[in-house]
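Going by this note's numbering, the sequence shown opens with residue 7, and the numbers climb by one from there.
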Amino acid sequence: MNNELSVAKVQSRIALDLNYLNLPDDFLKHSGSKEMVSNYITQLNARINQSGIVVYSIEGITNSKVQGERISTQLQTPKRSLSVTFILNKNLLVKSDIVVLIIVLLIASLFTYLVSQSRRSFYSAVEATADDEQILAETPKLVVDLNTKTFSSTALETKSVALANKPLCFYLALVEFCIQYPDVVLNQNKDVPDELLNLANKYFYRLVELGHTIRKRPNFTNSLEKTLSEIRAALDDVWQDDPELKEIYYPPKAHGEGSRSRLHHYGLKAISCDDIEVIGK
């Protein structure tokens, strides 16, 4: 039984040292270094001299002149399957020991394979997370600067579009309202909700604090279609190079007349806090 344990230890040792061996690889057309592998086998056999086993070859490379019964095994690595052949001292083994030894070797090979698969899955998950974070970081978002009263995008911040007080304040209020109340339908044939008006007034008073205006607070319920048109025109300019992103930020236009227009919703259905950056809030 001591021999089986020795073989299992040697098998594990080889698995740990594989990354440092310059093995040939037919798939990659890499010849490797037979001398390095041969020297490694010599050094390994010197360390396990008293164990009653000898490493005869690794991936067909050998320098051992020891004769005896050979047992070939397969080590599974993340990229390939590797053959390792042992020679057992017949004086120290009986047939039952060999059966147990083969079982131990199979278990060791399975363990090595499962560890490599686990590591591969872990690194794949890390890479996938990194890719998702990179995509998220690269997706442009809308930037609203209260200090300059402009719209721009993180993709091209040097290009900005100026807005008047009323459409600027109403749009920021619309974004905040739609995030807080995603199920509320906003229709031009109905009164603007008080919560939306309060948010618009809040942003107007912030402009006053920033020194942009001392004029009378605008009536956000009047000329709603004109206000929305000014907002859409500014967004058209900002997202001129990224039209596929405009839908997130764009207050939908009404289509049709009569009963169909009464179903119109000018709210922002898909917007979230991560889609917009407000400077000077």
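All C-beta atoms, glycine included, are put in the ideal place defined by N, C-alpha and C.
Note that the structure is a prediction, hence the values are computed from the model and not measured.
Fill in: beta strand (DSSP E) segments (min. 3 residues) lying fully within the region 147–186
For the region 147–186, the full-length beta strand (DSSP E) segments reaching 3 residues or more read 148–151, 156–159 and 162–168 along the chain.
Item to complete: Using three-state DSSP, classify Arg304 as helix, strand or coil.
Response: Outside the modelled stretch of the chain, which goes from 7 to 287, sits residue 304, for which no answer is possible.
Worksheet entry | The alpha helix (DSSP H) enclosing Glu215, as first and last residue numbers | Asp200 to Glu215 is the span of the alpha helix (DSSP H), which, as asked, contains Glu215.
Worksheet item: Near Arg19, what residues of its chain come up, given a Cβ to Cβ distance below 6 Å and the 5 sequence neighbours on each side ignored?
Response: Listed in chain order, the non-local C-beta contacts of Arg19 below 6 Å within the same chain number zero, local neighbours out to five positions each way being set aside.
Worksheet entry | Classification of Ser278 by the beta-carbon crowding that lies within 10 angstroms, buried from 16 upward | Burial call: exposed.
Worksheet item: Going by Cα to Cα distance, which pick from Ala14, Leu241 and Val190 is closest to Tyr177?
Response: The option with the nearest alpha carbon to Tyr177 is Leu241.
Discussion item. Count Cβ pairs between the region 209–220 and the region 114–131 that sit closer than 8 Å; are there 3 or more?
Written reply: Counting Cβ pairs under 8 Å, fewer than three are found: no touch.
Worksheet entry | Own chain, CB closer than 8 Å to Ile285, minus 5 neighbours either side, in chain order | Once the five neighbours on either side are set aside, the close Cβ partners of Ile285 are Val149, Val150, Asp151, Leu152 and Asn153.
Worksheet item: For Tyr119, which residues of its own chain have a beta-carbon under 6 Å away from its beta-carbon, when the five flanking residues on both sides are left out?
Response: Take Tyr119, set aside five residues on each side of it, and the residues of its chain with a beta-carbon closer than 6 Å to its own are Gln82, in chain order.
Worksheet item: Buried or exposed: which applies to Ser115, given that a residue is buried once 16 or more other Cβ atoms fall within 10 Å of its Cβ?
Response: Residue environment for Ser115: buried (at least 16 other C-beta atoms within 10 angstroms of its C-beta).
Fill in: Beta-carbon proximity check, Leu88 vs Ile77, cutoff 9 Å
Ile77 is positioned such that its CB atom lies no closer than 9 Å to that of Leu88.
Worksheet item: Taking the DSSP output, what are the residues bridged to Phe92?
Response: Its beta-bridge partners are Val61 and Ile77.
Worksheet item: According to DSSP, is Asp23 helix, strand or coil?
Response: Residue state, collapsed to three classes: helix.
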